[in-house]
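Each remark here refers to the structure printed beneath this line.
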Amino acid sequence: MKRAAQLRIDERTEGQDKILSLKGSADILSMPAVQEILSRCSRQEIRLLLVDLSETEFINSPVWAVITLYARKQRDKSRVAIIGMSDRIRGSFEMMGLQKELETFADVETARKALL
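In the numbering used here, the protein residues as written are 7 to 122.
The structure is reproduced here in structure tokens:
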């Protein structure tokens, strides 16, 4: 069985917006890295945080929980959305009912038009 690639998180800032690209497998072992970067983001002035999953192979429920908790805590000061989610990942996202918590968009431009 092929082992999924470890998670790499690329961070890009565009003005007051930040894009976090999760590349590889977002499993329980990568949760501390996701928590750390979101903790750092919570101390910054971010208008819009986009989590790009276009290169994410897998994401488990604890990682979803960390992202959702961040979005709830930031609700008054910034917007959080998911972009580039594959159909495979969307299945688990919807099965957990996260569409009630997190908005999803195809790409950066679509998200910006809808949220700003």
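Where is the CB? At the ideal position from N, CA and C, for every residue including glycine.
The alpha-carbon separation between GLN105 and GLY90 amounts to approximately 14 angstroms. The beta carbons of ALA77 and GLU107 sit closer together than 8 angstroms.
A Cβ-Cβ separation of about 5 angstroms places LEU13 in contact with ALA32 under the 8 angstroms criterion. Separation of GLN22 and VAL86 (C-alpha to C-alpha, rounded to the nearest whole angstrom) is 13 angstroms. The beta carbon of LEU122 is closer than 7 angstroms to those of LEU54 in its chain, skipping five residues each way along the sequence. The DSSP assignment places 37-48, 67-80, 93-101 as complete runs of the alpha helix (DSSP H) inside the segment 28-112, in order along the chain (cut-off: 4 residues).
Remark: C-beta atoms of ILE43 and LEU59 do not approach each other more closely than 8 angstroms.
Bounds of any alpha helix (DSSP H) do not take in LEU122, whose DSSP letter is neither H nor E. Under the DSSP definition of a beta bridge, THR19 partners with LYS24. Beta-carbon to beta-carbon, ILE95 and THR62 are separated by about 6 angstroms, close enough to satisfy the 8 angstroms threshold.
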